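Asks: Below you will find the structure I want to go over with you.
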Amino acid sequence: KALPALLLVLAAGALGKPTVRQERARPGAAQHEDRPGFQYDHEAFLGKEEARSFDQLSPEESRERLGKIVDRIDDNKDGYITTEELKTWIKRVQKRYIYENVAKVWKDYDLNKDDKIAWEEYKQATYGYYL
């Protein structure tokens, strides 16, 4: 019962829309390193599903959506992202991924759909016919 309530609270916070639109996501003059491991950074910052959707966007669309995300990260609305705001955002994204993953795995393991996972269900879902 707590999980759906928590997900509802997280969704409400994530869907809040700022009243004033400001362009804050601007490409800097510094070189950006898009090494092969950059996908990890994208997933940590955006979440796994959101990172996949960003991969399909044009650079302009990506910049626009990133600007909207930056607005959501800036908790105190001062126009800057602090280290603490970024850490809070990444923790929030990771928690959301964990809760979504738990919900998915729960459905796979709760074979009789009684909202409980018995040891037999766990063994069956994990090891199948091997035991």
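Numbers -16 to -1, 1 to 115, taken from mature numbering (1 follows the signal peptide of the UniProt record, and there is no 0), label the letters of the sequence shown in order.
Beta carbons are placed, not taken as given, at the ideal position from N, Cα and C, and that holds for glycine.
Owing to the predicted nature of the structure, the values given are computational and were not obtained by experimental measurement.
Anyone know if the C-beta pair for ASP92 and LYS100 falls short of 8 Å?
Replies: no
Asks: Which word fits LEU30, buried or exposed, when buried means at least 16 other C-beta atoms lie within 10 angstroms of its C-beta?
Replies: buried
Asks: Under DSSP, the alpha helix (DSSP H) around ILE74 begins and ends at which residues?
Replies: First-last of the alpha helix (DSSP H) with ILE74: 67 to 93.
Asks: Locate the alpha helix (DSSP H) running through LEU50, then write down its first and last residues.
Replies: 43 to 57
Asks: Per DSSP, what kind of secondary structure is ALA102 in: helix, strand or coil?
Replies: coil
Asks: Figure out for me which residue from LYS88, ILE53, ASP62 and TRP90 has the closest Cα to the Cα of ILE74.
Replies: ILE53
Asks: From SER37 to GLU105, what distance separates their C-alpha atoms?
Replies: 34 Å
Asks: Whose CA, out of LYS32, ALA28 and HIS26, lies closest to the CA of GLU84?
Replies: LYS32
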